[in-house]
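So the sequence shown is numbered by the working numbering: it starts at 417 and just counts up by one. Here a beta-carbon is modelled for each residue, glycine too, at the ideal position from N, C-alpha and C.
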Amino acid sequence: MEKISVIVSCYNEEESLPLFYEEMERVRKADFENETEFEYIFVNDGSKDKTLEVMKKLAKEDSKVRFISFSRNFGKESAMLAGLEAAEGDYITLMDADLQDPPALLREMYDTIKKEGYDQVGTRRVTRKGEPPIRSFFARMFYKLINKMSNVEMVDGARDYRLMTRQVVDSIISMKEYNRFSKGLFSFVGYKTKWLEYENVERVAGETKWSFWKLFKYAIEGITAFSTVPLVISSVIGLLFCLISFLLIILIIIKTLVLGDPTSGWPSMICIIFFVSGIQLFSLGVIGQYLAKTYLEIKQRPIYIIKETEKDI
Ligand code: UDP
Ligand code: MG
């Protein structure tokens, strides 16, 4: 029998996880019973609440449940990688613990791969209902920007919820980079992908771990991971300014020769100095971003550290 691995990354989800498990089991029994095997891999991403206890309890009661517990919070990207590396199934799905990724879609996703010959099925939400409007605005801007700047296509509203074949997952885990931006990685590997659309669902319990600042940093991460266009922009601005200053120098020389040299223009001079040094700092910052990422990659630190798994209980 073929096996589906369900990977769920959890950070402070003591309330949501039991609800998730219940709903997932309901869907499994209703749609997949006697047809496919299942394994659940819960990844505890250094939760500060009782998430790990919940996982241990579920693992004791149900042999389908496995868990991986990190030594601290490494972030969702690391948790997803740990799950993908541990998964043994022929089909692998990634889900959130908060039921924002409805397990009920799984059957349709599975059929799409089995019957229509796709390699991965992604999901995207068509509405951003229940999200602060300012956040939706910046999210849209981000997707517009990154798609202009990168060859890898990023789909607006795409969630991490997806079902993949073993082959796709093997390709994804073959990419060992430290700065992981999954939305890009899933699309980078290619394969035939179908997108299912659904309305945004609000979380069942707990609250979102994404602050505006975290999202901003995530956006910068995505841009530096999948595009070098910012470096080109710095170079172009630099070149443009060289050109302008060259023209201005010629203009000033001619003006001095014709009209003499009355000293004036102090305020405009200061403005120009500020402007140009601002642009220099900005460009240095852009270069610094890439350098920092390179530095982190080169250190080759582990992407996550496992403290215990279901084998330890
Ligand atoms: N998550 C995680 N590590 C983190 C932050 C979040 O594993 O550092 C998990 C979280 O438990 C949830 C999923 O990632 O299962 C999505 O998080 P959240 O619901 O906060 O994000 P949103 O749905 O608002 O994008
Ligand atoms: Mg959520």
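- Nearest neighbour of Q516 by Cα position, chosen from L435, S566 and K560, turns out to be L435.
- Only residues of its own chain outside the window of five on either side were considered, and among them Y534, V537 and K610 have a CB closer than 6 Å to the CB of T528, listed in chain order.
- Burial is judged here by how many other beta carbons sit within 10 angstroms of a residue's own beta carbon; E493 has at least 16 and is buried.
- In this structure, E713 places its C-beta atom within 8 Å of the C-beta atom of N595.
- Ranked by how close their Cα comes to the Cα of V459, the residues K445, V443 and R482 have R482 in first place.
- Contact check for L433 against A520 fails: the beta carbons are separated by 8 Å or more.
- DSSP assignment within the segment 471 to 510 yields the following whole alpha helix (DSSP H) runs of 4 residues or more, N-terminal first: 492 to 502.
- Relative to the ligand MG, even the nearest heavy atom lies 7 Å or more away from the CB of Q583.
- Shown in chain order are the residues whose CB sits closer than 7 Å to a heavy atom of the ligand UDP: V424, S425, C426, Y427, N428, E429, V459, D461, N489, G491, K492, A495, D512, A513, D514, Q516, R619, T624, K625 and W626.
- Under the three-pair Cβ rule at 8 Å, the segment 551 to 568 does not count as touching the segment 464 to 480.
- In the structure shown, F458 falls within a strand segment according to DSSP collapsed to helix, strand and coil.
- The Cβ neighbour count for F597, taken over all protein chains shown within 10 Å, is at least 16; the residue is labelled buried.
- Taking L612 as the centre and dropping the five residues before and after it, the same chain places the C-beta of L521, E524, M525, T528, V537, G538, T539 and R540 closer than 8 Å to its C-beta, in chain order.
- Between the alpha carbons of I649 and I636 lies a distance of about 15 Å.
- In summary, A498 is buried, with 16 or more beta-carbon neighbours lying within 10 Å of its beta-carbon over all protein chains present.
- Contact check for S487 against K723 passes: the beta carbons are separated by less than 8 Å.
- Beta-bridge pairing by DSSP links Q536 to M580 and T609.
- The bridge partners DSSP lists for R541 are Y614.
- Contact between E615 and K545 is confirmed by a C-beta separation of about 7 Å, below the 8 Å threshold.
- Beyond the five residues adjoining it in sequence on each side, G462 comes within less than 6 Å, by CB distance, of F486, R488 and N489 in the same chain, given in chain order.
- In this structure the segment 674 to 689 does not touch the segment 557 to 576; the number of beta carbon pairs closer than 8 Å is below three.
- I721 carries a coil assignment under DSSP once its states are collapsed to helix, strand and coil.
- Listed as beta-bridge partners of A574 by DSSP are R540.
- For M565 and K476, the gap between their C-alpha atoms comes out near 48 Å.
- Counting along the chain, the unbroken alpha helix (DSSP H) around K445 starts and ends at S432 to D447.
- Out of M591, L667, M685 and L664, the CA that lies nearest to the CA of A641 is found in M591.
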